[in-house]
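Let me begin by presenting the structure, written as structure tokens, before commenting on it.
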Amino acid sequence: MTGAAIPVSSSWLALREPADARARSLELVDHLLAVRPGTERWVIHDLACGTGSMGRWLAPLLPGAQRWVLHDRDEQLLQSAIADPPAASRDADAVTVEARRTDITRLTPADLADASLITASALLDLMAATELESLVAVCAAVGCPVLFTISVMGRVTLDPADPLDAAVGDAFNAHQRRLTEAGRLLGPDAVAAAVEAFSRGAVHVLVRPSPWRLEAGQRELTAAWLDGWVSAACDQDPLLRERAPVYLSRRLGQVAAGELGVTVDHADLLAVPP
13 MTGAAIPVSS
23 SWLALREPAD
33 ARARSLELVD
43 HLLAVRPGTE
53 RWVIHDLACG
63 TGSMGRWLAP
73 LLPGAQRWVL
83 HDRDEQLLQS
93 AIADPPAASR
103 DADAVTVEAR
113 RTDITRLTPA
123 DLADASLITA
133 SALLDLMAAT
143 ELESLVAVCA
153 AVGCPVLFTI
163 SVMGRVTLDP
173 ADPLDAAVGD
183 AFNAHQRRLT
193 EAGRLLGPDA
203 VAAAVEAFSR
213 GAVHVLVRPS
223 PWRLEAGQRE
233 LTAAWLDGWV
243 SAACDQDPLL
253 RERAPVYLSR
263 RLGQVAAGEL
273 GVTVDHADLL
283 AVPP
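Numbering (this note's numbering), first residue to last: 13 to 286.
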């Protein structure tokens, strides 16, 4: 998949896991349970699972026995996910996991044929339009609910504000939409593109906000996110490189002092077939 060109470390995934868990929409889980209220066994395919944070968040919220099938092309991340499986279900039924080394851009409906739910987290914005269209077509063919969480929306708010915030944000968003071998990445346009693609197949789609709200108690994550945000912006716009070091130093000083608040807008999407 396109994301293979974007290194993702297990340490970064571990650092962001609590923020992802706080951000994800519980309202969409309620909607999911409303359309599938039974407690029969779930078979959940988690795409680009990373270290398995989606399962650790969602499994305890769902009733009934669950089998999680974890898909990723990174063998080390898969081994980390297997080593730290989800806890028991909401009503203490067993949760089992299996790992499959998978390129999710090459999935077919047969690969997911037994799914009662398909999930992914922090994935859609790393895909090109053709890759997303293919993934949506596969999910629609399977005919089960789909829950995609933590997709960037291109809006970042820093408090207090700084005159350079807008330029860095614009450059970062352009970096999210950069051209790759697979095509131009969707970045902040991914959720809208997914809604359109699902809707063409008469699939009902709900979208809810899932913002990161980073405050004084999350200094390590805030600093790591800020460093990556500015670095990507400078990669995209070399004109920022002269001013960025001073800006980043100033902002990191505010993080260390507990004086910077950051909101990074994301969205979650639940697609329910007719």
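Here a beta-carbon is modelled for each residue, glycine too, at the ideal position from N, C-alpha and C.
Closest to residue i by C-alpha separation, out of the options, would be which residue?
i       : options                            : result
Leu-40  : Gly-265, Leu-218, Arg-253          : Leu-218
Trp-24  : Gly-240, Gln-248, Val-284          : Gly-240
Ala-256 : Cys-246, Leu-264, Gly-265          : Cys-246
Leu-135 : Val-154, Leu-159, Arg-113, Val-150 : Leu-159
Taking all protein chains shown into account, decide if residue i is buried (16 or more other Cβ within 10 angstroms of its Cβ) or exposed.
i       : result
Ser-211 : exposed
Leu-251 : exposed
Glu-29  : buried
Gly-270 : exposed
Val-47  : exposed
Glu-143 : buried
Thr-234 : buried
Arg-103 : Here residue 103 turns out to be Asp, not Arg, going by the sequence shown. Answer is exposed; the Cβ neighbour count stays below 16.
Asp-84  : buried
Throw me the rounded Cβ distance for the residue i and residue j pair, which I believe falls under 8 Å.
i       : j       : result
Gly-62  : Leu-27  : That pair is no contact at about 12 Å.
Ala-202 : Ser-163 : 5 Å
Trp-69  : Ala-33  : 5 Å
Val-168 : Val-276 : 5 Å
His-278 : Trp-224 : 7 Å
Leu-82  : Gly-64  : 6 Å
Can you tell me the Cα-Cα spacing of residue i and residue j, whole angstroms?
i       : j       : result
Phe-184 : Ala-106 : 42 Å
Val-55  : Ser-128 : 5 Å
Val-258 : Arg-118 : 44 Å
Ala-100 : Gly-76  : 9 Å
Ala-206 : Gly-199 : 12 Å
Leu-272 : Val-242 : 15 Å
Asp-280 : Asp-182 : 22 Å
Leu-38  : Glu-254 : 43 Å
Val-284 : Leu-264 : 42 Å
Ile-130 : Leu-197 : 22 Å
Query raised in the report: Counting pairs of beta carbons, one from the region 101 to 116 and one from the region 171 to 186, are three or more of them closer than 8 Å?
Result: no
Report task. Determine, using beta-carbon pairs with one atom in the region 84 to 98 and one in the region 139 to 146, whether at least three such pairs fall under 8 Å. Result -> no
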